[in-house]
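Numbering (my numbering), first residue to last: -16 to 105.
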Amino acid sequence: FFEILGLIIGALELNRALIGWKAPDSGTLGRTSSDSGTMFQDLNDSYYPGDVGFDPLNLKPEDPEAFAEIQTKELQNGRLAMIGIAGMVVQELVNGKEIFVNLGLAQDRFDAASQAMLPIQF
């Protein structure tokens, strides 16, 4: 499973690199800076970081300001989700009970005596 997943992620990242970056010139290959020619880290002029043209539901706004607003909302949503999951992990580490046990949705199956050092059920 993970081999296939790694190949899929690698193919998607290769596609992103081919879309987003310019191919370096042979004269600038291996240099860290150059006043002329294309360097290895130069982005294409039409590329916006993160936008590889994948929009099957046609949700991306055409207006650049609206796109920037939607992108900011998406980033804020992701950050809020990370804070939320961090809170769940901290809560489980504080009292040693799973989140669903605290909510009353599951039975407490954790035996602390079987865990030598960590109050975490694996």
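Idealized CB from N, CA, C, for every residue including glycine.
Check: Glu81 classed as buried or exposed, judged by whether at least 16 other C-beta atoms fall within 10 angstroms; Outcome: buried
Check: Best match in Leu42, Glu(-4), Val73 and Phe(-15) for proximity to Glu57 [C-alpha to C-alpha]; Outcome: Leu42
Check: Cutoff 8 Å; reference Leu26; Cβ partners in own chain excluding five residues on either side; Outcome: Gly3, Trp4, Lys5 and Pro32
Check: Leu26 - partner residues in DSSP beta bridges; Outcome: Trp4
Check: Supposed close pair Asn78, Val35 - CB separation, criterion 8 Å; Outcome: So it is not a contact: roughly 43 Å between Cβ atoms.
Check: Cut-off 7 Å between Cβ atoms - residues of its own chain near Gly(-7), not counting five sequence neighbours on either side; Outcome: none
Check: Secondary structure of Lys56, DSSP reduced to three states; Outcome: helix
Check: Residue span of the alpha helix (DSSP H) that contains Asn85, given as start and end; Outcome: Ile82 to Asn85
Check: Secondary structure of Asn(-2), DSSP reduced to three states; Outcome: helix
Check: Helix, strand or coil at Val35 according to DSSP, with G and I counted as helix; Outcome: coil
Check: Cα-Cα separation between Arg92 and Ile68, rounded to whole angstroms; Outcome: 22 Å
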